[in-house]
Each structure stands twice: as C-alpha cells, then as structure tokens.
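The sequence shown runs 29 to 233 under the numbering used here.
For every residue, glycine included, the Cβ atom is placed at its ideal position computed from N, Cα and C.
Here the structure comes first, spelled out in structure tokens, and everything after it is commentary.
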Amino acid sequence: MTDSTETALSKVPEVTLIFWIIKVFATTLGETGGDAVSMSMDLGYLVSTAIFAAIFIVAVFAQVSARRFHPILYWVTIIATTTVGTTLADYATRSLGIGYAGGTTILLTLLLASLWIWYRTLGSIAVDTVSSPRTEAFYWITIMFSQTLGTALGDWTADTAGFGFDGGALVFGALLIVLAGLYWWTRISRTALFWAAFILTRPLG
C-alpha cells in the first residue's frame, strides 16, 4: 500500500492549526464534563473515572468499527479522552496521597509505556496514517494518557507552582511557541513534537 493510499484511508484528521484549535475547545468541554460529574455531582474521582472510562471504551469501539473517518465521531472520542483524563488525573494526584509529583510521574510512565509498546508492536508511532484497528487502539490509549498527563501538569503548575490557571496558560503557551519553532527550524521528529504538543495543549482547555 502506498503512502498516499494510507493517508487517504487514515481515520484521523490532518494535523493543522485548525486541528489544534478544535482540540483546545474539545478538551475544554471534556474537562467541564469531568469536573461536573466528579465534583458538582459529588461522585468522587474514582467513580467518575469508571463512568467516563466506560464511555471512552464505547467511543473508541465506535471509532475503530467505523470504515472511514468521521469528524464528529473523532472529536466526540477526543472529548471522551478528556473527561476520563480529567478525573483520572485528579484521582492520581489528589486521592492516592502521592501529590502532583508522584501522580504526574505515574502518568508519564504510563504514557511512555504506551508509546514504547506501540512502537515495539507496530514499528512506528506516527499519527499521520492511523488506519488499522491495532494502530487505532494504540492511538486512542496514548491519546488518553496524554490528556491525563496534560491535566496533571496543568493543575500542578496552577496549584503547586503558584502560577494560577491564567499564569499556567501563559507558561504552556510559551512552551508551545518553542515547539512551533522546533517544528519549523529543526529536524526534530515530527511525531515527538506532535505528542509533546498534544500534552501541552491540554492545560489550555
């Protein structure tokens, strides 16, 4: 199968500026939903994570089962990763008794493990041609861990580092500008930059 054919069959959108803008809005909606269930409805982080994990699994199953790319289904699944990521990050950093440093370390380890297993299994972690069911499964698991890690980093920066949410947004915005510069003016792996940007855009939502 040629690269052009694989790209045509890919079930993820092209990574453009519009992609990142929609991603920030989608994660904002997802975080609002996660906080509404865990805090406003007072269900707690663990129960909320279980609820949203079930929704996430259903959304991923629908996404993988689809024969072609459906934008609405894709972004609904992104929102699902954010809701479960929000409550899971809060559980890891606030309920386990290990603080932001410990929780973030666990989440980073899970993300790196996901990427490593994906690479060892399929030989690539590129996101431009996600078309097979196995690739999609790894893609969505890694997306979920990325959202979770981004949530933890955002909360850590806002709370422990003392920046507040507005100051934290400026910090992550500056880091994204650095990534943009690396994208345009270096030969650093585009895949690595994508995953870094995916994590760093999460606190903006």
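Closer than 8 angstroms to chain C by CB, residue i
i: Trp146; result: Absence of chain C from the displayed structure is noted, only one protein chain being present.
Residues near residue i in its chain [Cβ-Cβ closer than 7 angstroms; skip 5 each side]
i: Phe222; result: Val43 and Val155
i: Thr26; result: With the chain running from 29 to 233 in the structure shown, residue 26 is simply not present.
i: Ala224; result: Leu207
i: Leu57; result: Ile107
Cut-off 6 angstroms between Cβ atoms - residues of its own chain near residue i, not counting five sequence neighbours on either side
i: Ala117; result: Thr176, Thr179 and Ala180
i: Ser123; result: Tyr73
i: Ala108; result: Ile83, Phe84 and Ala87
i: Ile169; result: Ser142
i: Thr121; result: Tyr128, Gly131 and Ala180
Start and end residues, alpha helix (DSSP H) containing residue i
i: Ala120; result: Segment: none, Ala120 is in no alpha helix (DSSP H) and carries neither H nor E.
i: Gly130; result: Gly127 to Leu150
i: Ser160; result: Per DSSP, Ser160 belongs to no alpha helix (DSSP H) and is neither H nor E.
i: Ser76; result: Tyr73 to Ser93
i: Phe191; result: Careful: Phe191 lies outside any alpha helix (DSSP H) and carries neither H nor E.
Counted within 10 angstroms of its Cβ, other Cβ atoms place residue i as buried (16 or more) or exposed
i: Ala36; result: Here the model assigns Ala36 a pLDDT of 47, short of 50, so the residue's position is not dependable, and the following value carries that caveat. The residue in question, Ala36, is exposed, as its Cβ has fewer than 16 Cβ neighbours within 10 Å.
i: Ala202; result: exposed
i: Thr149; result: exposed
i: Phe53; result: exposed
i: Pro99; result: exposed
Presumed contact (8 angstroms Cβ cut-off) between residue i and residue j, rounded CB distance
i: Thr229; j: Leu204; result: 7 angstroms
i: Ser10; j: Ser159; result: The structure shown does not extend to residue 10, since the chain is modelled only from 29 to 233, so the question has no answer here.
i: Trp146; j: Phe173; result: In fact, because the Cβ distance is near 11 angstroms, the residues do not count as touching under 8 angstroms.
i: Pro161; j: Val92; result: 5 angstroms
Give a yes or no on contact between the stretch 134-146 and the stretch 187-197, applying the rule of three or more CB pairs nearer than 8 angstroms. With a cut-off of 8 angstroms, the stretch 187-197 and the stretch 134-146 do not count as touching, because too few Cβ pairs lie within range.
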